[in-house]
Amino acid sequence: MRKTSTFMNLLSVILLLIVIVAAVFYINPMKQDVSALAIQLESKEAQVSELMARVVELETLRDEIGKSGATEGKLLLQVPSGMDQSGIIADLNDLAAEAGVALNGMSFSAVEGEESGVLGISASFDGDYEDLITFLQAVEDNTRKIRVKAISVQLSEEDAVAHASFSLLMEAYYQ
Numbered sequence: 326m327r328k329t330s331t332f333m334n335l336l337s338v339i340l341l342l343i344v345i346v347a348a349v350f351y352i353n354p355m356k357q358d359v360s361a362l363a364i365q366l367e368s369k370e371a372q373v374s375e376l377m378a379r380v381v382e383l384e385t386l387r388d389e390i391g392k393s394g395a396t397e398g399k400l401l402l403q404v405p406s407g408m409d410q411s412g413i414i415a416d417l418n419d420l421a422a423e424a425g426v427a428l429n430g431m432s433f434s435a436v437e438g439e440e441s442g443v444l445g446i447s448a449s450f451d452g453d454y455e456d457l458i459t460f461l462q463a464v465e466d467n468t469r470k471i472r473v474k475a476i477s478v479q480l481s482e483e484d485a486v487a488h489a490s491f492s493l494l495m496e497a498y499y500q
């Protein structure tokens, strides 16, 4: 019995040594894999940090665009797409009526030497001087951007009432 017991003890020790050696050979390569995975994890965490910073930048930009989106509609009213000459005629006629001046005539021309997107307008009106000032203020406050380049005013008096005939050279902008 003693031989069997010694043999079993010896066999147990040998098996234990084999298991330890196998574990060392099996675990040691895994240690290198774990190190490589740790390095990959650090690089991925750095990438995540960079992407999070980029997300913050993009969210800030989105908020700014959201704020300027309201002004985009306003800009489209100020500088519409296309010439829209009939719209200009209607706008100036409405502004003249509100100011108390009569629109006598209007003509359009291409503006030379300027970039495209500018329409030249020549218009003549009748009214009094105060109405001229009111009309010019209305043109300035109009949603569509119109620039007055030149004003020609002729004052006259009919039946002791001051009367003004004026011509405006203007530019309207379009996209």
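Using our numbering, the first residue of the sequence shown is number 326, and each one after it goes up by one.
Note that the Cβ used here is the ideal one computed from N, Cα and C, for glycine as well.
#### Entry: Exposure of Val473, with buried meaning 16 or more beta-carbon neighbours within 10 Å
Along the sequence shown, one-based indexing puts residue 473 at 148. Exposed, because fewer than 16 other Cβ atoms sit within 10 Å of the Cβ of Val473.
| query | Are there three or more Cβ pairs, one per stretch, closer than 8 Å when the region 443-459 is compared with the region 416-429? | reply | Short answer: they touch.
Rounded to a whole number of angstroms, what is the C-alpha to C-alpha distance between Leu493 and Ser447? Your numbering for residue 493 matches position 168 in the sequence shown. Your numbering for residue 447 matches position 122 in the sequence shown. In this structure, the straight-line span from the alpha carbon of Leu493 to that of Ser447 is close to 6 Å.
query = Within this structure, are the beta carbons of Leu444 and Ala497 separated by less than 8 Å?
reply = Position 119 of the sequence shown, counting from 1, holds the residue named residue 444. Position 172 of the sequence shown, counting from 1, holds the residue named residue 497. Closer than 8 Å, so yes.
| task | Given a cut-off of 8 Å, decide if Tyr499 and Gly452 are closer than it, judged by their beta-carbon atoms. | result | Start at 1 with the first residue of the sequence shown, and residue 452 comes out as number 127. Start at 1 with the first residue of the sequence shown, and residue 499 comes out as number 174. Going by C-beta atoms, Gly452 is not nearer than 8 Å to Tyr499.
For Glu483, which three-state DSSP category applies? Sequence index remark: in the sequence shown, residue 483 carries index 158 (1-based). Here Glu483 sits in strand by DSSP.
Beta-carbon contacts of Leu428 that lie in its chain and below 7 Å, excluding the five residues immediately before and after: Position 103 of the sequence shown, counted from the first residue, corresponds to residue 428. Counting only Cβ-Cβ distances below 7 Å, and skipping sequence neighbours, we find Leu417, Asn418, Ala421, Ala448, Phe450.
Next on the checklist: Please report the distance separating the alpha-carbon of Ala435 from that of Ala485.
Outcome noted: Position 110 of the sequence shown, counting from 1, holds the residue named residue 435. Position 160 of the sequence shown, counting from 1, holds the residue named residue 485. Here the alpha carbon of Ala435 sits roughly 41 Å from the alpha carbon of Ala485.
What does DSSP give as the partner residue(s) for Met431 in the beta ladder? Within the sequence shown, numbered from 1, the residue matching residue 431 stands at position 106. Beta-bridge partners of Met431 (DSSP): Ala448.
### Task
Can you give me the start and stop residues for the alpha helix (DSSP H) that Glu465 sits inside?
As a working mapping, residue 465 is identified with position 140 in the sequence shown. 454-466 is the extent of the alpha helix (DSSP H) around Glu465.
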